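Chemist:
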Amino acid sequence: MSINIGSQLISKLGSPNSKIPLAAKDIFNTAGYTYFSYNAGGSIEGKDRLVDEVGTGLIWLFGIPIYKKLIDSTIYKLFKISPEIDFRVIKDNDYVKSAIENAPTEQIVKELKQAVKNSKTTKSLAILKFALSLLLTMLSYKALTTFKQKMTKKNIEKEFIENKQKNYRNQKISPLFEDIARFNDKNSKGISFGSNGIISIAEDFMINPVKNMVILDAGISVSRIKSARTKGEAIEYGIKEGSFLFFVYGAGKLISNVIDKLSEKFLNIPIKLDAKFLSSQTAEKLLTQTELQENTQAFAKMIKNCTTTKEIYDFIFENQNNIVVQAAKESGIIATIKDDLGKQKIDTRKYIDIKEIKKLAENLETFIEKSKDKDIFQYLKKVKNLKVASTILNVAVCCIFLGIIVPKAMYEYRKKHQDGKNDFHVKTQYEKELAKKYD
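Per the working numbering, residue 166 is the first one in the sequence shown, and the count goes up by one each step.
#1: Using the Cα positions of serine 165 and leucine 290, report the straight-line distance between them to the nearest angstrom.
#2: Please report how far the alpha carbon of glutamate 218 lies from the alpha carbon of lysine 405, in whole angstroms.
#3: Do you know offhand how far glycine 211's Cα is from asparagine 204's?
#4: Whose C-beta lies closer than 7 angstroms to the C-beta of tyrosine 576 among residues of the same chain, with five residues either side of it excluded?
#5: Which runs of the alpha helix (DSSP H), 4 residues or longer, sit entirely within the segment 429-507?
#6: Beta carbon of isoleucine 434: closer than 7 angstroms to some heavy atom of the ligand FAD?
#7: Tell me which residues share the same chain as leucine 599 and place their Cβ nearer than 7 angstroms to its Cβ, disregarding the 5 neighbours each side in the sequence.
#8: Taking 8 angstroms as the threshold, find out whether the segment 561-571 comes into contact with the segment 421-437 through three or more Cβ pairs.
#9: Considering Cα atoms alone, identify which of Leu174, Ala367 and Thr593 is closest to isoleucine 292.
#10: Hey, how far is the Cα of leucine 378 from the Cα of isoleucine 229?
#11: Using a 10 Å radius around the Cβ and a threshold of 16 neighbouring Cβ atoms, would you call glutamate 534 buried or exposed?
#12: Have a look at isoleucine 185 and isoleucine 175 and give me their C-alpha separation to the nearest angstrom.
#13: Within 10 angstroms of its Cβ, does glutamine 583 collect 16 or more other Cβ (buried), or is it exposed?
#14: Closest to lysine 597 by C-alpha separation, out of Ile240, Lys318 and Ala296, would be which residue?
#15: Where do the ends of the beta strand (DSSP E) carrying glutamine 509 lie?
#16: Would you mind working out which of Gly197, Leu178, Ile192 and Leu187 sits nearest isoleucine 569, comparing C-alpha positions?
#17: Going residue by residue through the segment 250-330, where are the continuous alpha helix (DSSP H) segments of at least 4 residues, counting only ones entirely within it?
#18: What is the rounded straight-line gap between the Cα of alanine 416 and the Cα of leucine 410?
#19: For glutamate 401 and arginine 579, which I take to be in contact (beta-carbon distance under 8 angstroms), what is that distance rounded to the nearest angstrom?
#20: Using a threshold of 8 angstroms, state whether the C-beta atoms of leucine 243 and arginine 514 are closer than that.
#21: Grab me the residues of leucine 567's own chain with a C-beta within less than 6 angstroms of its C-beta, minus the 5 sequence neighbours each way, in chain order.
#22: When you compare each of Pro374, Ile246 and Gln485 to lysine 508 by their alpha carbons, which one comes out closest?
#23: Can you find at least 3 beta carbon pairs, one from the segment 261-268 and one from the segment 463-483, that sit closer than 8 angstroms?
#24: Start and end of the alpha helix (DSSP H) containing alanine 393?
#25: Threshold first: 3 residues or longer. Then list the beta strand (DSSP E) segments lying entirely within the segment 360-387, N to C.
#26: Tell me whether leucine 300 is buried or exposed, calling it buried when 16 or more other Cβ atoms sit within 10 Å of its Cβ.
#27: Please report how far the alpha carbon of aspartate 350 lies from the alpha carbon of glutamate 327, in whole angstroms.
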């Protein structure tokens, strides 16, 4: 396979199952909100926002995977079940039979048989891993929020007292304030704030790392709004979190669908296929060899007429050099591993989504059909270039909204509801409390 680094990156940026586009959007989101926070509320709000955004981003991206790895090396090891096995594989008797028969290594055969023998434990462990990793990640976020709020409150109080001391010195008032300073030293630790389709979808959310993050993000959003220190901050978090969820998880797919349709309608170029596949030798062979095109059409017909999933899985496992199966491997729909002889084979522990295979077969048929009566190499070049441009445009649009438009809109909202001021309302409110405390 001749797949370059650029095509792999574009593939990741355009994949709904990759964290890379999420991370890119989060970086722009963090930069935008931190900049506007420093600009609006000064260094205290800027630091508050920086700790919140960077800390949350790290927990959001790495929390669940780290805790899952920890569970894999402890609880799974205790029960002698392989954490690599997707429990959806062993749910289907026909599927797991094919998976064992076609397993690429003896070790994987043993792992699959052990999982089947302890099927209830395997499923229970998968549910436990998902729930426990999510809970521990949310607790990590809660700890970050507590730390951030204590830090900000301490910084506000420190600045308030320094300004008050400065005012007293300027007014040449007797050192009555020394008592206040001593009181602050004793209490410098700060004060904390109080503070079957359905089953299939649920299983997908448990297993898919990006969908794990959707649930985590929803929990973080609710937690942020609930732990807001003022009503204004709660509203701002509502604007921020709502836009973040939309542009990180929903907008990309919507934009992609629009671009795909416009490309086919006006340019007669299909760009739904994965960038890694389009940059591989397999894509070029498919367009230049009639036999492979016929194989693709036969596969698409076969998969439509199959009455059981076993027929489909058996065909996939037994025809690993089939053009559609090769495309599925290169597109990341089918996971691979080296067998005992060092050859690349399908990793039968991993779940293969038949819907994705069907969709791929349809897209390959369209890819072939649109190439008729065209210069094959020019056509492939246009498809690849347009795929790259559309993926970058998609991510860029989301980043611009998350990093510039939404943060600016949020702070414009603040000005509108604070008589034209952009002040950090948490600081303003706490300074009023401190004024009562020290006056």
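Every residue gets a Cβ at the ideal spot worked out from N, C-alpha and C, and that includes glycine. Values in this document were obtained by computation on a predicted structure and should not be read as measured data.
Modeler: Judging by the given coordinates:
#1: This structure does not reach residue 165, given that the chain is present from 166 up to 604, and the question cannot be answered.
#2: 11 angstroms
#3: 8 angstroms
#4: Phe201, Ala205 and Asn587
#5: 440-443, 446-453, 455-470, 474-483 and 488-495
#6: Among the components of this structure there are no ligands whatsoever, and the ligand FAD is therefore not found.
#7: Glu322 and Phe325
#8: no
#9: Ala367
#10: Reading the sequence as shown, one finds methionine at residue 378 and not leucine. Looking at the two C-alpha atoms, the distance is approximately 8 angstroms.
#11: exposed
#12: 10 angstroms
#13: exposed
#14: Lys318
#15: 509-511
#16: Gly197
#17: 252-256, 258-266 and 271-282
#18: 9 angstroms
#19: 7 angstroms
#20: no
#21: Lys190, Phe193, Asn194 and Phe412
#22: Gln485
#23: yes
#24: No alpha helix (DSSP H) holds alanine 393; DSSP gives it neither H nor E.
#25: none
#26: exposed
#27: For aspartate 350, the predicted structure reports a pLDDT of 45, less than 50, and the residue's modelled location is therefore unreliable. The matter cannot be settled from this model.
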